[in-house]
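Numbering (the numbering used here), first residue to last: 179 to 726.
A virtual CB, placed ideally from N, CA and C, is assigned to each residue, including glycine.
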RNA sequence: GGCGCAUUGGUGUAGUUGGUUAACACGCUGCCCUCUCAAGGCAGAGAUCACGGGUUCGAGUCCCGUAUGCGCUACCA
């Protein structure tokens, strides 16, 4: 294809110092990696918080790269400066760290950077100039208004929208026409000259889905954005082809929404004389909205923002385990240790968008926390609390033995509990053990005692306290509750009460409940014997005697 | 409108080259345990594999069509 513009004319469109392709290609040589090593990247845009789907794709990519002896990196796609949200990068960094998806490579330790697209401006210019030289691109002076107008007309005519055929008004401008518009100072974009003629069908292989057939691209898409902007940045399509080639990526893992753009990308690789890079398109995470399902949305769903998990205190390991299982159910059947170290296979990944189910995540997370070694659990809890509940952090730090005992209780097979799905539940579940978080119940007519009358509550409390022995077996400890129940006309076992409720003032359950409320301030709690053990004799008596 | 991707119990999935009663986990229900709530144990409900055609002795598994959902059709990614 011959350019309608002379080489000299094209050169003047760019800085005289702009390097030739050969410069970049020697600067970014192929990576020296073993056969089968996968180099992949996660490429988020700093236009808001990090999406759960982002962690999903990133952790899969990292798994693929690391298990193949390759490399995983993060490239910030900040080519849309208008939509950039301040603080996104910091949020990203926090999330990457939390979910162990930090980049292997960065500007300091790798020669394939920089890792932010806004810093790669010259690269795109070099290749845009190259495309101009080979006639695969041309300057376009259409304004946004003109473009919008065209789209409107096309919609009214019920024909395909886009910049193609006779609608591609700048496609065949002569050098003289281009020159005069430049003279008058009109800003311009650089557009891709898509292949001539009616579009054919293209076929390509997706690493997850296999063969895909699609109508070929016929749109002259924008490659380089308007000349009146600084820096002058590329669109996603152009940046992807240039960057992933020169950063020597060999598997492009990205969301399914890109499948429709593959034909265009393939044309770009060809026009630039680059080798196409294999794609793996991942199905997006979904969510229920009434009866229908839709993509998990940043705007509507708070669980779409990874900050939700960090702030609530879901352990990263639990979230990652769930995410891996969503991508490939083989992982869901594994233990946490196995799934964390097993290699993912793209072919085994699901092709339908899975529903992201918070209930299932909670169940997994509960199991995960219950399996965490005591010191790890404590460390994780403390790390969370220091950030989001400093009062709790301080209390825990000054009661470490108690905190350890609580986790030990949880892990004791005889009394195993799985009360915690996330760290922000610690307070409600176990705050009762800490004097600082517990306010004694002093009102005997507190509704929580119902149906036991206030007078009886006082009697039970007094009776319990006066004869209290801090027994160290469960049976002996509960024996005191039984005698307390009998002494006050309550059935000493639930069974007896169930049989003949009319013979008793109530069941042992009522008595236990009264003591429970006094000891814990709660109507549901762990085993009362356990509570007493953790509290210690002094504190048990103090709490029971708080009744006035 | 055009194009693409998807569709197995409430949810996520497993179902090897088509072959008997469609499997697992979560959730749900009941029972047991029991001082409450969990946890645990046991049992159970719940899928004519979106629908309609076809190929075949036989289809969740192959082919065609339809529907529905999702996505792309931007100087957003």
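C-alpha gap between residue i and residue j, whole angstroms
| i | j | result |
| --- | --- | --- |
| residue 598 | residue 699 | 19 Å |
| residue 549 | residue 290 | 41 Å |
| residue 380 | residue 226 | 35 Å |
| residue 582 | residue 610 | 15 Å |
| residue 639 | residue 688 | 12 Å |
| residue 241 | residue 522 | 7 Å |
| residue 469 | residue 532 | Note that residue 469 has pLDDT 49, beneath the 50 cutoff, so the model's placement of it is unreliable and the number below is only indicative. Answer to the nearest angstrom: the Cα atoms are 15 Å apart. |
| residue 556 | residue 260 | 43 Å |
| residue 272 | residue 202 | 32 Å |
| residue 197 | residue 206 | 13 Å |
| residue 418 | residue 702 | 56 Å |
| residue 657 | residue 650 | 12 Å |
| residue 263 | residue 710 | 52 Å |
| residue 279 | residue 251 | 9 Å |
| residue 452 | residue 485 | 39 Å |
| residue 618 | residue 721 | 6 Å |
| residue 182 | residue 382 | 32 Å |
| residue 516 | residue 195 | 53 Å |
| residue 337 | residue 415 | 24 Å |
| residue 270 | residue 284 | 15 Å |
| residue 604 | residue 554 | 15 Å |
| residue 322 | residue 398 | 15 Å |
| residue 295 | residue 402 | 13 Å |
| residue 339 | residue 568 | 56 Å |
beta-carbon residue i near the ligand MN non-hydrogen atom, thresh 8 Å
| i | result |
| --- | --- |
| residue 516 | Absence of the ligand MN from the depicted structure is noted, as is the absence of any ligand whatsoever, leaving it without description. |
Proximal residues to residue i (C-beta, below 8 Å), its chain only, five neighbours per side dropped
| i | result |
| --- | --- |
| residue 435 | 462 |
| residue 507 | 528 |
| residue 560 | 571, 574 and 575 |
| residue 404 | 365, 366, 367 and 410 |
| residue 593 | 587, 704, 705 and 708 |
| residue 292 | 285 and 298 |
| residue 345 | 328 and 332 |
| residue 627 | 635, 691, 692 and 695 |
| residue 303 | 192, 193, 196, 402 and 410 |
Cβ shell of residue i (< 7 Å), same chain only, five flanking positions each side left out
| i | result |
| --- | --- |
| residue 396 | 342, 372 and 377 |
| residue 622 | 632, 635, 636 and 725 |
| residue 445 | 372, 373 and 395 |
| residue 400 | 367, 369 and 413 |
| residue 320 | 347 and 348 |
| residue 427 | 217, 218, 219 and 455 |
| residue 682 | 667, 668, 669 and 675 |
| residue 577 | 612 |
Nearest-angstrom Cβ-Cβ length linking residue i and residue j, presumed shorter than 8 Å
| i | j | result |
| --- | --- | --- |
| residue 130 | residue 482 | Because the chain spans 179 through 726 in this model, residue 130 falls outside it and cannot be assessed. |
| residue 685 | residue 675 | 4 Å |
| residue 349 | residue 305 | With 8 Å as the limit, residue 349 and residue 305 do not qualify as a contact, their Cβ atoms being about 20 Å apart. |
| residue 706 | residue 697 | 7 Å |
| residue 247 | residue 212 | 5 Å |
| residue 421 | residue 455 | Not quite, the Cβ-Cβ distance comes to about 11 Å (not below 8 Å), so this is no contact. |
| residue 235 | residue 460 | 6 Å |
| residue 500 | residue 539 | 5 Å |
| residue 449 | residue 430 | With a Cβ gap of about 18 Å, residue 449 and residue 430 do not count as contacting. |
| residue 654 | residue 601 | Wrong, their Cβ atoms sit about 35 Å apart, outside the cutoff. |
Own chain partners of residue i with C-beta closer than 6 Å, once the 5 adjacent residues on each side are dropped
| i | result |
| --- | --- |
| residue 505 | 238 and 527 |
| residue 573 | 612 and 614 |
| residue 223 | 255 |
| residue 249 | 217, 243 and 282 |
| residue 300 | none |
| residue 723 | 643 |
| residue 407 | none |
| residue 652 | 707 |
| Sequence ranges, alpha helix (DSSP H) only - wholly within the stretch 229-285, length at least 4 | Listed in chain order, they are 230-245 and 266-276.
| Would you call the stretch 349-367 and the stretch 382-391 touching, i.e. three or more CB-CB distances under 8 Å? | Verdict: no, contact absent.
| message | As an exercise, report each continuous alpha helix (DSSP H) stretch of at least 4 residues that is fully enclosed by the stretch 283-320, in chain order. | response | With a minimum length of 4 residues, the continuous alpha helix (DSSP H) runs that stay inside the stretch 283-320 are 299-311.
| task | Answer yes if the stretch 634-649 comes into contact with the stretch 712-719, meaning at least three C-beta pairs across the two stretches below 8 Å, and no otherwise. | result | Because the criterion of three Cβ pairs below 8 Å is met, the stretch 712-719 and the stretch 634-649 touch.
| How do the stretch 309-317 and the stretch 186-195 stand: do at least 3 beta-carbon pairs fall below 8 Å, yes or no? | Below 8 Å, enough C-beta pairs join the stretch 309-317 and the stretch 186-195 to call them touching: three or more.
| message | If contact is defined by three or more beta carbon pairs under 8 Å, each pair taking one atom from either stretch, is the stretch 536-545 in contact with the stretch 489-505? | response | The stretch 489-505 is in contact with the stretch 536-545.
| message | At 4 residues or longer, what runs of the alpha helix (DSSP H) sit wholly inside the stretch 396-451? | response | Within the stretch 396-451, the complete alpha helix (DSSP H) segments of 4 residues or longer fall at 414-424 and 440-449, listed in chain order.
| Between the stretch 320-330 and the stretch 213-220, do at least 3 Cβ pairs fall closer than 8 Å? | Contact between the stretch 320-330 and the stretch 213-220 is absent, with fewer than three C-beta pairs closer than 8 Å.
| task | Output the residue ranges of the alpha helix (DSSP H) runs that lie fully inside the stretch 513-563 and measure 4 residues or longer, sorted by chain position. | result | Taking only runs of at least 4 residues, the alpha helix (DSSP H) segments lying wholly in the stretch 513-563 are 514-519 and 536-549.
| task | Return the chain-ordered ranges of every alpha helix (DSSP H) run that is complete within the stretch 567-636 and spans a minimum of 4 residues. | result | Listed in chain order, the complete alpha helix (DSSP H) runs (minimum 4 residues) inside the stretch 567-636 are 568-575, 578-589 and 604-608.
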